[in-house]
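Using this note's numbering, the first residue of the sequence shown is number 84, and each one after it goes up by one. Just so it is clear, CB atoms sit at the ideal spot from N, CA and C, and this is done for glycine as well.
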Amino acid sequence: MSAREMLAEHDRMFVEFARTLAPSDWKRQSLCSEWSNHDVLAHLVKGYSISLPSLGSALFANRGSFDRANTAVARRLAGRQTPAELIDTFAGLIEHPKGIGKRFPAGLLLGDHVLHHLDIALPLGREVLIPGRIVDAVLDTEVRVPNPFVPAKSNAAGLSLRTTDTGWSFTDGRAGADSLVEGHGIHVAAALGGRRFALPLLGGAGVARLKDRLI
Numbered sequence: 084m085s086a087r088e089m090l091a092e093h094d095r096m097f098v099e100f101a102r103t104l105a106p107s108d109w110k111r112q113s114l115c116s117e118w119s120n121h122d123v124l125a126h127l128v129k130g131y132s133i134s135l136p137s138l139g140s141a142l143f144a145n146r147g148s149f150d151r152a153n154t155a156v157a158r159r160l161a162g163r164q165t166p167a168e169l170i171d172t173f174a175g176l177i178e179h180p181k182g183i184g185k186r187f188p189a190g191l192l193l194g195d196h197v198l199h200h201l202d203i204a205l206p207l208g209r210e211v212l213i214p215g216r217i218v219d220a221v222l223d224t225e226v227r228v229p230n231p232f233v234p235a236k237s238n239a240a241g242l243s244l245r246t247t248d249t250g251w252s253f254t255d256g257r258a259g260a261d262s263l264v265e266g267h268g269i270h271v272a273a274a275l276g277g278r279r280f281a282l283p284l285l286g287g288a289g290v291a292r293l294k295d296r297l298i
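So, in structure tokens, the structure goes:
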């Protein structure tokens with residue numbers, strides 16, 4: 084199965100999950116700093132559809148800061164569309180992405196979408212069931228493909244990573260005796276993606292090294 088096919092599979096699962104949330108759930112704080120769940124949903128829509136000129140304008144308006152531009156674009160859209168409208172838009176973009184959504188590598192988009200699924204679901208106490216092959220694909224991309232926005236590959240440097248549920252593993256060539264990080268695949272992926280909530284859910288001597296990188 085290709086990365087694009089796994090992206091579509093995950094995103095259809097996300098739409099099913101998103102449609103179960105109450106209006107009050109979208110107002111709740113996500114695991115993304117300063118973003119509500121509504122803002123995260125708007126970000127996912129923009130990631131599938133924003134044009135390069137629009138992204139360039141947002142970067143210019145925010146003095147070249149991608150983080151500030153990203154937040155501004157997401158909040159602007161969240162202010163214009165309800166969660167229900169955004170879910171419908173997102174569902175339509177799964178098979179017909181626009182703008183950078185057509186050009187950005189599907190493997191990187193998959194990781195972004197899976198982690199933001201967690202960012203929304205976990206503060207609500209909702210279980211996230213993602214097929215192991217998708218989690219493994221996210222992990223493969225994190226440790227092998229440089230991401231200009233999420234330093235997962237750098238976070239994995241010098242570590243020996245192992246999942247206890249999917250059988251996935253990776254050992255960096257510089258890994259030493261104190262380098263092991265292990266746990267459920269989704270928690271390993273989340274930690275590499277900068278989500279500190281996952282750290283207490285992991286085991287191994289390498290967790291302390293990973294924690295230092297996420298401060």
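Proximity of residue i and residue j at Cβ, strictly below 8 Å
i	j	result
Pro188	Ser132	no
Gly287	Glu265	yes
Asp195	Gly277	no
Arg163	Asp122	no
Ile213	His93	yes
Ala281	Ala273	yes
Leu301	Leu124	Summary: the structure shown does not reach residue 301, with the chain confined to residues 84 through 298, and so no result is reported for it.
Asn238	Leu293	yes
Phe149	Phe97	no
Asp202	Leu275	no
Ser134	Gly208	no
Lys262	Leu284	First, the amino acid is wrong: residue 262 is Ser here, not Lys. No, the pair does not count as a contact, with Cβ atoms beyond the cut-off.
Asp219	Gly289	no
Gly215	Asp171	no
Glu225	Ala91	no
Residue i - containing beta strand (DSSP E), residue span
i	result
Arg245	243-246
Classification of residue i by the beta-carbon crowding that lies within 10 angstroms, buried from 16 upward
i	result
Ala105	exposed
Met68	With the chain running from 84 to 298 in the structure shown, residue 68 is simply not present.
Arg95	exposed
Glu117	exposed
Phe173	buried
Ser85	exposed
Ser252	exposed
Gly139	exposed
Ser119	buried
Gly184	buried
Ala235	buried
Ala144	exposed
Thr246	buried
Pro136	exposed
8 Å contact criterion, which residue i and residue j should meet: CB distance rounded
i	j	result
Ala240	Asp255	6 Å
Glu228	Leu191	This sequence places Val at residue 228; Glu is not what is there. Val228 to Leu191, Cβ: 7 Å. Contact.
Val221	Leu193	6 Å
Val156	Ala141	5 Å
Ala204	Phe100	7 Å
Arg102	Pro206	Contact flag wrong, Cβ pair sits at about 18 Å.
Extent of the continuous alpha helix (DSSP H) to which residue i belongs
i	result
Ser85	Ser85 -> no alpha helix (DSSP H), and no H or E assigned at all.
Lys185	183-186
Trp118	No alpha helix (DSSP H) holds Trp118; DSSP gives it neither H nor E.
Thr172	166-178
Arg279	No alpha helix (DSSP H) contains Arg279, which DSSP labels as neither H nor E.
Asn145	Per DSSP, Asn145 belongs to no alpha helix (DSSP H) and is neither H nor E.
Leu293	290-296
Ser134	Premise fails: Ser134 is in no alpha helix (DSSP H) and is neither H nor E.
#### Entry: Whole alpha helix (DSSP H) elements within the stretch 193-272, 4-residue minimum
215-227, 235-238
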